[in-house]
Amino acid sequence: MLSTDTGGHVMHPVMKPALRRGWRDRDTVQFGMTPAHALTLGPMDPATNGFLDLLNGTRGLPLLREEGRRLDLPPGHADTLLTRLTRAGLVDDARGGGPAADALREKTDVLARLRPDLAALSLTTAEPGAALARLAARRTLRVQVRGAGRVGAVLASVLSGAGVGEVDVRDTGRVEPWDVAPGGLPAESLGERRDTAARNAVRHAAPGRPPRHAHSPGSGAQDAGLALVILAPRDEVAVHAPDPADAEPLLASGTPHLYAGVVEATGVVGPLVLPGASGCAGCLHLDRGDRDPAWPRLTAQWRSPKARRVAACELTLATAVAGLAAAHALAFLDGQSPTSAGTRWEVSLPGLDWRSRPVRAHPACGCGAAQRGKKGEHTSTGGERRATMAVQRPSAERRRKAGEARPTGTWRAHV
Ligand SMILES: [Zn+2]
Numbered sequence: 001m002l003s004t005d006t007g008g009h010v011m012h013p014v015m016k017p018a019l020r021r022g023w024r025d026r027d028t029v030q031f032g033m034t035p036a037h038a039l040t041l042g043p044m045d046p047a048t049n050g051f052l053d054l055l056n057g058t059r060g061l062p063l064l065r066e067e068g069r070r071l072d073l074p075p076g077h078a079d080t081l082l083t084r085l086t087r088a089g090l091v092d093d094a095r096g097g098g099p100a101a102d103a104l105r106e107k108t109d110v111l112a113r114l115r116p117d118l119a120a121l122s123l124t125t126a127e128p129g130a131a132l133a134r135l136a137a138r139r140t141l142r143v144q145v146r147g148a149g150r151v152g153a154v155l156a157s158v159l160s161g162a163g164v165g166e167v168d169v170r171d172t173g174r175v176e177p178w179d180v181a182p183g184g185l186p187a188e189s190l191g192e193r194r195d196t197a198a199r200n201a202v203r204h205a206a207p208g209r210p211p212r213h214a215h216s217p218g219s220g221a222q223d224a225g226l227a228l229v230i231l232a233p234r235d236e237v238a239v240h241a242p243d244p245a246d247a248e249p250l251l252a253s254g255t256p257h258l259y260a261g262v263v264e265a266t267g268v269v270g271p272l273v274l275p276g277a278s279g280c281a282g283c284l285h286l287d288r289g290d291r292d293p294a295w296p297r298l299t300a301q302w303r304s305p306k307a308r309r310v311a312a313c314e315l316t317l318a319t320a321v322a323g324l325a326a327a328h329a330l331a332f333l334d335g336q337s338p339t340s341a342g343t344r345w346e347v348s349l350p351g352l353d354w355r356s357r358p359v360r361a362h363p364a365c366g367c368g369a370a371q372r373g374k375k376g377e378h379t380s381t382g383g384e385r386r387a388t389m390a391v392q393r394p395s396a397e398r399r400r401k402a403g404e405a406r407p408t409g410t411w412r413a414h415v
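First residue of the sequence shown? That's 1 in the UniProt record's numbering, and the numbers climb one at a time after it.
Next up, the structure:
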């Protein structure tokens with residue numbers, strides 16, 4: 001039987017509205033359209049189907065049990081059904097998510113703007129109330145974007161618009177005509193300081209953001225507590241051959257960081273560096289040196305100061321890179337594992353096929369990711385692995401109970 005009391009509030013179940021409902025046949029209902037999240041339920045009788053219509057977030061469990069009796073559902077069926085629907089990840093809690101979610105519910109303007117994002121989160125979280133809790137958690141996060149060009153300023157605005165509480169943008173110089181991009185630095189900001197103009201763009205992207213935390217300037221504490229730093233340099237050499245020295249403080253402080261940018265007619269997203277756990281800019285540099293003896297000589301030439309010129313940075317490519325990098329950043333901030341960890345995603349004009357290139361942890365790199373990887377391999381045959389499997393078993397069992405995977409990717413759950 002489901003608990004009527006989940007942390008001080010009565011659960012108000014609602015079938016996740018983001019999933020379209022359709023009858024596959026007389027007694028099977030499919031929730032969702034796409035293989036990634038679709039699920040079928042059956043056998044479904046009219047009374048059960050009628051009961052599902054009552055799960056719209058307006059009723060608590062006691063009332064739902066009463067309604068179940070009125071629909072002549074067998075005793076206990078309402079609870080069994082709800083338990084199974086919840087286990088299948090089909091049910092949200094209209095009042096769940098905890099105190100931070102409750103506070104966000106009060107901000108109706110903010111929530112109205114983020115409704116599509118909330119609906120998407122409901123598809124990637126299973127627990128009732130988890131989607132809003134995650135959206136509320138985004139508001140407490142601090143992210144820094146380094147670089148306010150066509151990629152960086154758009155990326156920062158997108159993260160802000162997606163609900164990240166504090167997005168700080170760092171850059172030098174003043175806005176040039178070629179920095180201007182839709183969603184990024186506006187034409188009106190020409191001649192302004194780049195960082196100021198980008199912070200304004202970030203603010204405009206998300207009205208009703210939480211107030212900035214106070215940081216004591218000069219104490220070095222301003223980099224502390226950053227959930228993620230995104231390096232989106234305007235300099236294309238820094239995109240192609242990121243300087244390991246730039247990331248040293250980030251590695252030392254254990255700050256996760258993500259690379260993104262455009263070089264010539266190629267867009268790059270990644271790697272997402274989890275310090276000491278996945279390949280970093282130093283690993284990338286060493287690995288390239290192993291493969292191409294000319295690499296160090298070339299990078300030295302590329303990095304030498306030259307007469308200022310405007311590099312290639314095609315607008316749609318820059319926008320695509322900004323969007324994908326923001327998506328990877330957000331997935332990481334939401335606690336997922338995006339594929340950019342240990343990988344660079346690259347796309348080139350005019351073919352535009354995204355391809356992944358591994359960024360292997362290099363044994364000679366000081367970041368220690370290669371050593372960690374080796375240690376992981378070593379202990380995986382010992383007791384540690386068994387412990388991990390024991391932790392995973394309940395979820396595997398849960399999945400089996402919910403139904404076996406079908407070849408199409410849809411899951412079947414029995415009601
Ligand atoms: Zn490294």
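All residues carry an ideal CB built from backbone N, CA and C; glycine is no exception. Values in this document were obtained by computation on a predicted structure and should not be read as measured data.
Q | Buried or exposed by the 16-neighbour rule on C-beta atoms within 10 Å, applied to Lys-306 | A | Along the sequence shown, one-based indexing puts residue 306 at 306. Flag for Lys-306 reads exposed.
(Q) Can you tell me whether Gln-336 is helix, strand or coil according to DSSP? (A) Looking up residue 336 in the sequence shown gives position 336. The DSSP-derived three-state label of Gln-336 is coil.
Q) Roughly how many angstroms separate the alpha carbons of Ala-206 and Leu-190, rounded to a whole number? A) In the sequence shown, the residue the question calls residue 206 occupies position 206. In the sequence shown, the residue the question calls residue 190 occupies position 190. CA-CA distance, Ala-206 to Leu-190, rounds to 22 Å.
**Q.** Cβ-based burial, His-204 [other Cβ within 10 Å; buried from 16]
**A.** For this step, residue 204 is matched to residue 204 along the sequence shown. Residue environment for His-204: exposed (fewer than 16 other C-beta atoms within 10 angstroms of its C-beta).
Q | Rounded distance between the beta-carbons of Gly-173 and Arg-194, thought under 8 Å | A | Locating residue 194 in the sequence shown gives position 194, where the first residue counts as 1. Locating residue 173 in the sequence shown gives position 173, where the first residue counts as 1. Yes, Arg-194 and Gly-173 are in contact; Cβ-Cβ is about 5 Å, under 8 Å.
Q. So does the region 301-320 actually touch the region 104-117, counting three or more Cβ pairs closer than 8 Å?
A. Look at the beta carbons and you see the region 301-320 not touching the region 104-117: under three pairs across the two are nearer than 8 Å.
Q. So does the region 345-354 actually touch the region 143-160, counting three or more Cβ pairs closer than 8 Å?
A. No: the two stretches stay apart, fewer than three of their Cβ pairs being nearer than 8 Å.
Q) Beta carbon of His-362: closer than 8 Å to some heavy atom of ligand 1? A) In the sequence shown, counting from the first residue as 1, residue 362 sits at position 362. His-362: yes, Cβ under 8 Å from ligand 1.
Q. Can you find a CB in chain B that lies within less than 9 Å of the CB of Val-154?
A. Absence of chain B from the displayed structure is noted, only one protein chain being present.
**Q.** Gly-22 - partner residues in DSSP beta bridges
**A.** The sequence position of residue 22 within the sequence shown is 22, counting from 1. Looking at the DSSP output, Gly-22 bridges to Gln-30.
Q: Run the proximity test for Ala-369: is its beta-carbon closer than 8 Å to any non-hydrogen atom belonging to ligand 1?
A: The count along the sequence shown starts at 1 and reaches residue 369 at position 369. It does: the Cβ of Ala-369 is within 8 Å (strictly closer) of some heavy atom of ligand 1.
Q: Could you tell me whether the region 120-133 touches the region 150-159, using the rule of 3 or more Cβ pairs below 8 Å?
A: Verdict: no, contact absent.
Q) Based on Cα-Cα distance, which residue from Pro-249, Ala-156, Leu-111, Pro-177 lies nearest to Arg-134? A) By one-based count along the sequence shown, residue 134 stands at place 134. Looking at the Cα atoms, Leu-111 is the closest of the given residues.
Q. Bridge partners of Ala-341, per DSSP?
A. Translated into positions along the sequence shown, residue 341 becomes position 341. Checking the DSSP bridge columns, you'll see Ala-341 partnered with Leu-272.
Q: Using only the heavy atoms of ligand 1, determine whether one of them is closer than 8 Å to the beta carbon of Ala-281.
A: Working through the sequence shown from its first residue, we reach residue 281 at position 281. Result yes, Cβ under 8 Å from ligand 1.
Q: Alpha carbon to alpha carbon, how far is Asp-290 from His-37? Give it in angstroms, no decimals.
A: Translated into positions along the sequence shown, residue 37 becomes position 37. Translated into positions along the sequence shown, residue 290 becomes position 290. The alpha-carbon of His-37 is positioned some 42 Å away from that of Asp-290.
Q | For Thr-172, the first and last residue of its enclosing beta strand (DSSP E) | A | Locating residue 172 in the sequence shown gives position 172, counting from the first residue. It is not in any beta strand (DSSP E) - Thr-172 carries neither H nor E in the DSSP assignment.
Q: Tell me where the alpha helix (DSSP H) around Ser-253 begins and ends.
A: Position 253 of the sequence shown, counting from 1, holds the residue named residue 253. Taken as a continuous stretch (DSSP letters only), the alpha helix (DSSP H) holding Ser-253 covers 244-253.
Q: Taking only the alpha-carbon atoms, compute the straight-line gap between Ala-325 and Ala-369 and give it to the nearest angstrom.
A: Taking the first residue of the sequence shown as 1, we reach residue 325 at position 325. Taking the first residue of the sequence shown as 1, we reach residue 369 at position 369. Cα-Cα distance, rounded: 22 Å.
Q. Along the chain, where does the alpha helix (DSSP H) that runs through Val-110 open and close?
A. Along the sequence shown, read from residue 1 onward, the residue named residue 110 stands at position 110. Element bounds for Val-110: 108-113.
**Q.** Distance between Ala-320 and Ala-227 (C-alpha atoms, nearest Å)
**A.** For the purposes of this step, residue 227 is identified with residue 227 of the sequence shown, where counting begins at 1. For the purposes of this step, residue 320 is identified with residue 320 of the sequence shown, where counting begins at 1. CA-CA distance, Ala-227 to Ala-320, rounds to 23 Å.
Q) Among the residues of its own chain, which have a CB less than 6 Å from the CB of Leu-19, if the five just before and after it don't count? A) Locating residue 19 in the sequence shown gives position 19, counting from the first residue. Counting only Cβ-Cβ distances below 6 Å, and skipping sequence neighbours, we find Phe-31, Gly-32.
Q. Nearest CA to the CA of Leu-114: which residue from Leu-317, Arg-138, Asp-243, Val-273?
A. Working through the sequence shown from its first residue, we reach residue 114 at position 114. Cα-wise, what sits closest to Leu-114 is Arg-138.
Q. How would you write the range of the beta strand (DSSP E) that Ser-356 sits in, first residue to last?
A. To locate residue 356, count along the sequence shown from 1; it is residue 356. 355-358 is the extent of the beta strand (DSSP E) around Ser-356.
Q | Span separating the alpha-carbon of Ala-156 from that of Val-169 | A | If you number the sequence shown from 1, residue 156 lands on position 156. If you number the sequence shown from 1, residue 169 lands on position 169. Rounded to the nearest whole angstrom, the CA to CA distance from Ala-156 to Val-169 is 7 Å.
Q: Evaluate Trp-345 with the Cβ neighbour count: other Cβ atoms within 10 Å of its Cβ, from every protein chain shown; 16 or more gives buried, anything less gives exposed.
A: If you number the sequence shown from 1, residue 345 lands on position 345. Label assigned to Trp-345: buried.
Q | Enclosing beta strand (DSSP E) for Arg-146 [first to last residue] | A | On the sequence shown, residue 146 is found 146 positions in, with the first residue counted as 1. Per DSSP, Arg-146 belongs to the beta strand (DSSP E) from 142-146.
(Q) Under DSSP, the alpha helix (DSSP H) around Leu-155 begins and ends at which residues? (A) Here the question's residue 155 lines up with position 155 in the sequence shown. Here the alpha helix (DSSP H) through Leu-155 covers 152-161.
Q) Which two residues bound the contiguous alpha helix (DSSP H) that contains Pro-296? A) On the sequence shown, position 296 is the one that residue 296 refers to. First-last of the alpha helix (DSSP H) with Pro-296: 295-303.
(Q) Suppose you measure from the CA of Leu-251 to the CA of Arg-234; what does that come to, to the nearest Å? (A) Walking along the sequence shown from the start, residue 251 turns up at place 251. Walking along the sequence shown from the start, residue 234 turns up at place 234. Between Leu-251 and Arg-234, the C-alpha separation is close to 22 Å.
Q: Please confirm whether any heavy atom of ligand 1 lies closer than 8 Å to the CB of Gly-289.
A: On the sequence shown, residue 289 is found 289 positions in, with the first residue counted as 1. For ligand 1, not one heavy atom lies less than 8 Å from the Cβ of Gly-289.
Q. Taking one C-beta from the region 9-18 and one from the region 47-61 each time, how about it: are there three or more such pairs within less than 8 Å?
A. Here the region 9-18 lies against the region 47-61, with 3 or more beta-carbon pairs under 8 Å apart.
(Q) Measuring alpha carbon to alpha carbon, tell me which residue in Ala-331, Arg-372, Val-347 is nearest Ala-120. (A) Position 120 of the sequence shown, counted from the first residue, corresponds to residue 120. Residue Ala-331 holds the alpha-carbon nearest to the alpha-carbon of Ala-120 among Ala-331, Arg-372, Val-347.
Q: Evaluate the contact criterion for the region 179-189 versus the region 242-257: three or more CB pairs, one atom per stretch, below 8 Å.
A: Judged by Cβ distances under 8 Å, the region 179-189 makes no contact with the region 242-257, as fewer than three pairs qualify.
Q) So does Gly-366 have its beta carbon nearer than 8 Å to some heavy atom of ligand 1? A) Here the question's residue 366 lines up with position 366 in the sequence shown. It does: the Cβ of Gly-366 is within 8 Å (strictly closer) of some heavy atom of ligand 1.
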